[in-house]
Amino acid sequence: MNQPKWLMQSVIETIHDLQIAEHGGLSGIRDESLLNSALTRPQNLYEYEQADLYELASAYASALVRNHPFVDGNKRTAFLASYVFLNINGIIFTAPEAETTAIVIALASGDIDQVQYATWLKQHSVDEFNQ
Numbered sequence: 001m002n003q004p005k006w007l008m009q010s011v012i013e014t015i016h017d018l019q020i021a022e023h024g025g026l027s028g029i030r031d032e033s034l035l036n037s038a039l040t041r042p043q044n045l046y047e048y049e050q051a052d053l054y055e056l057a058s059a060y061a062s063a064l065v066r067n068h069p070f071v072d073g074n075k076r077t078a079f080l081a082s083y084v085f086l087n088i089n090g091i092i093f094t095a096p097e098a099e100t101t102a103i104v105i106a107l108a109s110g111d112i113d114q115v116q117y118a119t120w121l122k123q124h125s126v127d128e129f130n131q
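Per full-length UniProt numbering, the very first residue in the sequence shown carries number 1; after that it's consecutive.
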């Protein structure tokens, strides 16, 4: 696999701001170090474990929901981070909204883990480069 295109902090902050503007909630970063930690987790996973794009997208989401770096909107931001990461790396996400909401809540509550979320992402995506 080629080097993935990573999400910059400014992209995550923009995703967060846009979803807060659209769906409501309090804006702002609660803990900058937890945000930085969440953003480096996928890169560390890639460097040390040769993870695929779905595992990396799942690492973004898992770290964001568990670290809770924003004042509000962490689950929404987490899902959108995984969605955007897959998209910029040539993968189209296809799951229905209701199912997506349920699975992200399950990830946040610990009912599913990062590996299960990665599997779910893969089952609901199409790799536009390898069809």
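Note that CB positions come from ideal geometry on N, CA and C, so glycine has one too.
Values in this document were obtained by computation on a predicted structure and should not be read as measured data.
Delimiting residues of the alpha helix (DSSP H) encompassing residue i
| i | result |
| --- | --- |
| residue 58 | 53-67 |
| residue 17 | 9-23 |
| residue 103 | 97-109 |
Beta-bridge partners of residue i, as assigned by DSSP
| i | result |
| --- | --- |
| residue 127 | 91 |
| residue 29 | 70 |
Cβ pair residue i, residue j closer than 7 Å
| i | j | result |
| --- | --- | --- |
| residue 91 | residue 113 | no |
| residue 67 | residue 107 | no |
| residue 5 | residue 88 | yes |
CA-to-CA distance, residue j to residue i, given in whole angstroms
| i | j | result |
| --- | --- | --- |
| residue 32 | residue 69 | 7 Å |
| residue 22 | residue 46 | 32 Å |
| residue 82 | residue 58 | 6 Å |
| residue 102 | residue 10 | 27 Å |
| residue 123 | residue 78 | 18 Å |
| residue 73 | residue 2 | 32 Å |
| residue 60 | residue 16 | 14 Å |
| residue 115 | residue 86 | 16 Å |
Residue i classed as buried or exposed, judged by whether at least 16 other C-beta atoms fall within 10 angstroms
| i | result |
| --- | --- |
| residue 125 | buried |
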